Amino acid sequence: MASCGVEKGAYVEAEGLYELAWDMYVQADDARGAVRIELGRAEAQLKRGLRGEALRTARGALELALDLHQASREITNGV
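Going by our numbering, the sequence shown opens with residue 10, and the numbers climb by one from there.
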């Protein structure tokens, strides 16, 4: 780690990697995977001190999870 200029234990977050992962899950039509990615992104934002952004990201992930839950219930109930 020292050779790349990052101290051991230092927190490094790459927003671009979260965006790439999100795009991959969306293209694969795996919304549940996208929820996990967004919650990870929110955690990373919180660690960087971006509390407002983290809350917005987490809320979006939770709304998506609720939509998925509702959709699965509708399918199960034949709606």
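We put the beta carbon where it would ideally sit given N, CA and C, even for glycine. None of the values given here were measured: they were computed from a predicted structure.
Contact under 7 angstroms by Cβ, residue i with residue j
{"i": "Y34", "j": "G42", "result": "yes"}
{"i": "A80", "j": "A67", "result": "no"}
{"i": "V44", "j": "A63", "result": "no"}
{"i": "L77", "j": "A40", "result": "yes"}
Extent of the continuous alpha helix (DSSP H) to which residue i belongs
{"i": "R41", "result": "40-56"}
{"i": "L59", "result": "Unbroken run through L59: none, as it is neither H nor E."}
{"i": "A30", "result": "24-36"}
Spatial neighbours of residue i in its chain, beta-carbon cut-off 7 angstroms, leaving aside the 5 residues before and after
{"i": "A70", "result": "V44, E47, L48, A51"}
{"i": "L55", "result": "A63"}
Close-in-space but distant-in-sequence residues of the same chain around residue i (CB under 8 angstroms, 5 per side omitted)
{"i": "E8", "result": "Only positions 10 to 88 of the chain appear in the structure, and residue 8 is not among them; the question remains open."}
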